[in-house]
Amino acid sequence: MVHDIQKDFLTDEIIHIDFHQVRMDEKIKADVLLEFVGEAPAVKEFGGVLNKTISEIEVEALPGDLPRSFQVDISVLKELNQSIYIKDLKISKGVEILVAPETVIMTVTPPVEEEKVEEVTPVDLTAVKVESEEKVAERAKDKEKEETK
1 MVHDIQKDFL TDEIIHIDFH QVRMDEKIKA DVLLEFVGEA PAVKEFGGVL NKTISEIEVE
61 ALPGDLPRSF QVDISVLKEL NQSIYIKDLK ISKGVEILVA PETVIMTVTP PVEEEKVEEV
121 TPVDLTAVKV ESEEKVAERA KDKEKEETK
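Just so you know, we're using the UniProt record's numbering here: the sequence shown kicks off at 1 and counts up by one.
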């Protein structure tokens with residue numbers, strides 16, 4: 001059984017493979033990939049978004065009974081906010097799933113709508129009264145007179 005694969009980070013060529021010798025009469029734990037098949041009607045009809053929460057699950061089985069992957073049929077997702085759970089998987093005999101049955105694999109969520117920005121009415125700058133420099137200077141003189149009294 002392949003335990004680890006080391007690859008060259010530049011060329012992606014395999015440098016080294018570690019194998020693990022297993023006994024065929026002893027159960028082992030392994031992570032098995034989830035393979036998603038089909039099309040979700042909720043995505044096509046309602047514009048839903050698929051949210052995948054996990055891509056592999058831990059199982060325990062005899063080496064000869066270990067599946068390469070579990071197929072997850074997403075065509076059962078016909079409505080928004082509908083989910084597929086671990087308990088919905090078809091598991092072959094002799095394979096024990098080590099993940100909680102209520103664990104969500106995938107959910108179809110409603111599309112997120114963009115927030116509508118309110119239109120800002122333009123301000124008519126000609127209607128704004130601006131104090132002239134003369135009036136500002138007059139006020140400054142008046143303040144000085146009051147302070148000197």
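Glycine included, C-beta positions come from ideal geometry on N, C-alpha and C.
Would you decide whether residue i is buried or exposed? Buried here means 16 or more other CB atoms lie within 10 Å of its CB.
| i | result |
| --- | --- |
| L33 | exposed |
| residue 158 | Past the boundaries of the shown model lies residue 158; the chain is included only from 1 to 149, so the question cannot be answered. |
| G47 | exposed |
| A61 | buried |
| L66 | buried |
| L10 | exposed |
| V136 | exposed |
| A42 | buried |
Nearest CA to the CA of residue i: which residue from the options?
| i | options | result |
| --- | --- | --- |
| I84 | A40, D4 and E138 | A40 |
| A100 | R139, V76 and E58 | E58 |
| S69 | I97, D18 and F19 | I97 |
| I54 | T121, E144, V112 and I86 | I86 |
| K93 | P122, T103, P63 and Q82 | P63 |
| G72 | T121, H16, M1 and E35 | In the sequence under discussion, the amino acid at residue 72 is Val, which differs from the Gly named in the question. Closest option to V72, Cα to Cα, is E35. |
| M24 | V108, I14, M1 and L80 | M1 |
| E113 | T121, I91, E79 and V49 | V49 |
| V104 | T148, E45, Q82 and I17 | Q82 |
| E79 | E56, E45, N51 and L89 | E45 |
| D31 | E56, E119 and T148 | E56 |
Could you tell me the boundaries of the alpha helix (DSSP H) in which residue i lies?
| i | result |
| --- | --- |
| A42 | P41 to F46 |
When DSSP builds the beta bridges, which residues end up paired with residue i?
| i | result |
| --- | --- |
| V112 | BP columns for V112 are empty, so no partner. |
| E96 | E60 |
| T107 | N51 and S83 |
Could you give the first and the last residue of the continuous beta strand (DSSP E) run that contains residue i?
| i | result |
| --- | --- |
| K78 | Counting along the chain, K78 falls outside any beta strand (DSSP E), and DSSP gives it neither H nor E. |
| L50 | V49 to K52 |
| Q6 | V2 to K7 |
| L34 | I28 to V37 |
| I17 | I14 to F19 |
| V22 | It is not in any beta strand (DSSP E) - V22 carries neither H nor E in the DSSP assignment. |
| I57 | E56 to A61 |
Is any non-hydrogen atom of the ligand SAM found closer than 7 Å to the C-beta of residue i, if you look at the structure I gave you?
| i | result |
| --- | --- |
| I15 | In terms of ligand content, the structure shown is empty, and the ligand SAM therefore cannot be addressed. |
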